[in-house]
Amino acid sequence: MRYIFIHMLIIASSISIMHSASAQTDNYWSWSFNTPSTLLAGSVTGGGAGPSAVYYNPALIDQENIPNFSLSANLISLQFFKARNIAGEGNDAKQFVFKIQPRFISYTLDNKNEKIGIEVSILTPISEEIRYSGQYSDTLDVIKRMLGDEVYSGYLNYSRRYDDLWFGGGLSYRFSDQFYIGMSGFGSVKTLKYQYVEEAKAYPKGDSVFINGNYEPRYIATVGFQEEFKYWYVSLIFKLGLQYRTANNRLSVGLNLTFPDIPVIGRGDVRKEISRSNIFNDDEGEFVSNENVIGTAENINVRVKNPFSVALGLQFITANMKSTISINME
Numbered sequence: 051m052r053y054i055f056i057h058m059l060i061i062a063s064s065i066s067i068m069h070s071a072s073a074q075t076d077n078y079w080s081w082s083f084n085t086p087s088t089l090l091a092g093s094v095t096g097g098g099a100g101p102s103a104v105y106y107n108p109a110l111i112d113q114e115n116i117p118n119f120s121l122s123a124n125l126i127s128l129q130f131f132k133a134r135n136i137a138g139e140g141n142d143a144k145q146f147v148f149k150i151q152p153r154f155i156s157y158t159l160d161n162k163n164e165k166i167g168i169e170v171s172i173l174t175p176i177s178e179e180i181r182y183s184g185q186y187s188d189t190l191d192v193i194k195r196m197l198g199d200e201v202y203s204g205y206l207n208y209s210r211r212y213d214d215l216w217f218g219g220g221l222s223y224r225f226s227d228q229f230y231i232g233m234s235g236f237g238s239v240k241t242l243k244y245q246y247v248e249e250a251k252a253y254p255k256g257d258s259v260f261i262n263g264n265y266e267p268r269y270i271a272t273v274g275f276q277e278e279f280k281y282w283y284v285s286l287i288f289k290l291g292l293q294y295r296t297a298n299n300r301l302s303v304g305l306n307l308t309f310p311d312i313p314v315i316g317r318g319d320v321r322k323e324i325s326r327s328n329i330f331n332d333d334e335g336e337f338v339s340n341e342n343v344i345g346t347a348e349n350i351n352v353r354v355k356n357p358f359s360v361a362l363g364l365q366f367i368t369a370n371m372k373s374t375i376s377i378n379m380e
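Numbering (the working numbering), first residue to last: 51 to 380.
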């Protein structure tokens, strides 16, 4: 019974971890900065991070005690988006986004103490922008109280831009030739601009319609929904890093703890609108009352959470010093 209980506890814990991970910031595990970390897909917590150590493991900051300025940009950044049937049957939305942006700027300060490494940096963990719109028009039997087909027109517009800018620095200290410790801190500024518009219209082709033996003036049935949301949010994020090396420097193990963000201030604005006119209820045999409802909220408090994470990395250099094996998990 004891082992069955332990196994059930492990399964329950795994499900809980998976459930909470699904709500983390998008692309959190795939961010990369600077040339060394990008070439190694971020597997630099154990060693070899270069200037990006301030993010991946602050214990690795300036271990060679050499002043250094680093500027890294994404020369090719492609984002691909696809949604099926988003504006009607067979109307898909596709988008490629090509961006060039500086993602990492850092400077390693010179100091007289060889045991201490200091680095200041500005980095952009994530910058995303998606825009698409769709227009669909057809001849359909939408309004059942009218004989024949009507002209149907649907419109959809979606836009979202999200940016996260970090600025700060880090400090490392060498306890011995085998053991290093470091800490870094950042101010994070997150901004989001989001808009969604959905409209649908149906109307007869002629100037008048024949309904129940009577002619009625032509009318347009419409329904629409709009929402806008924008915010800015400022928080503090801290990291603690450790590294241990063997005496021959061929094996190194690194640990990096990223603590949950500390909120400073955040504000946002929200606007929603729902509209409806000339909509006939077939079940009740009468028109639904026209409606145009607008709701707004300005200067509301905003909190965007960054998760606590633990990164463990290992780096091994072969005896001939020609190859390096790097392993990282977070």
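Backbone N, C-alpha and C define an ideal beta-carbon position, used for all residues, glycine too.
Residue range of the beta strand (DSSP E) that includes residue i
i: residue 103; result: It is not in any beta strand (DSSP E) - residue 103 instead sits in the alpha helix (DSSP H) that spans 103 to 106.
i: residue 245; result: 229 to 253
i: residue 322; result: 312 to 327
i: residue 280; result: 271 to 295
i: residue 367; result: 359 to 367
i: residue 304; result: 301 to 308
i: residue 380; result: No beta strand (DSSP E) holds residue 380; DSSP gives it neither H nor E.
i: residue 345; result: 341 to 351
Of the residues the options, the one placed nearest residue i, counting alpha carbons only
i: residue 244; options: 365, 321, 331, 252; result: 321
i: residue 207; options: 219, 178, 248; result: 248
i: residue 366; options: 297, 266, 286, 279; result: 297
i: residue 343; options: 331, 189, 323; result: 323
i: residue 246; options: 210, 87, 286, 255; result: 210
i: residue 371; options: 299, 265, 313, 231; result: 299
i: residue 289; options: 276, 308, 331; result: 308
i: residue 255; options: 261, 222, 335, 200; result: 200
i: residue 224; options: 106, 181, 112; result: 112
i: residue 250; options: 261, 158, 329; result: 329
i: residue 240; options: 160, 105, 175; result: 175
i: residue 102; options: 161, 217, 190; result: 217
i: residue 214; options: 226, 319, 197, 179; result: 179
i: residue 167; options: 104, 277, 369, 265; result: 104
i: residue 319; options: 160, 227, 346, 310; result: 346
i: residue 275; options: 341, 336, 265, 315; result: 341
i: residue 226; options: 185, 198, 197, 165; result: 165
Distance CB(residue i)-CB(residue j) smaller than 8 Å
i: residue 234; j: residue 284; result: no
i: residue 177; j: residue 156; result: no
i: residue 187; j: residue 203; result: yes
i: residue 229; j: residue 294; result: yes
i: residue 169; j: residue 220; result: yes
i: residue 291; j: residue 110; result: yes
i: residue 380; j: residue 354; result: no
i: residue 352; j: residue 326; result: no
i: residue 242; j: residue 205; result: no
i: residue 133; j: residue 192; result: no
i: residue 349; j: residue 287; result: no
i: residue 363; j: residue 375; result: no
i: residue 261; j: residue 181; result: no
i: residue 222; j: residue 313; result: no
i: residue 310; j: residue 358; result: yes
Contact between the segment 298 to 309 and the segment 86 to 98 (3+ Cβ pairs under 8 Å): yes
Hey, is the segment 215 to 235 in contact with the segment 263 to 278, meaning 3+ C-beta pairs nearer than 8 Å? no
Run through the segment 164 to 235 for me and flag every whole beta strand (DSSP E) of 3 or more residues, listed as ranges in chain order. 166 to 190, 200 to 224
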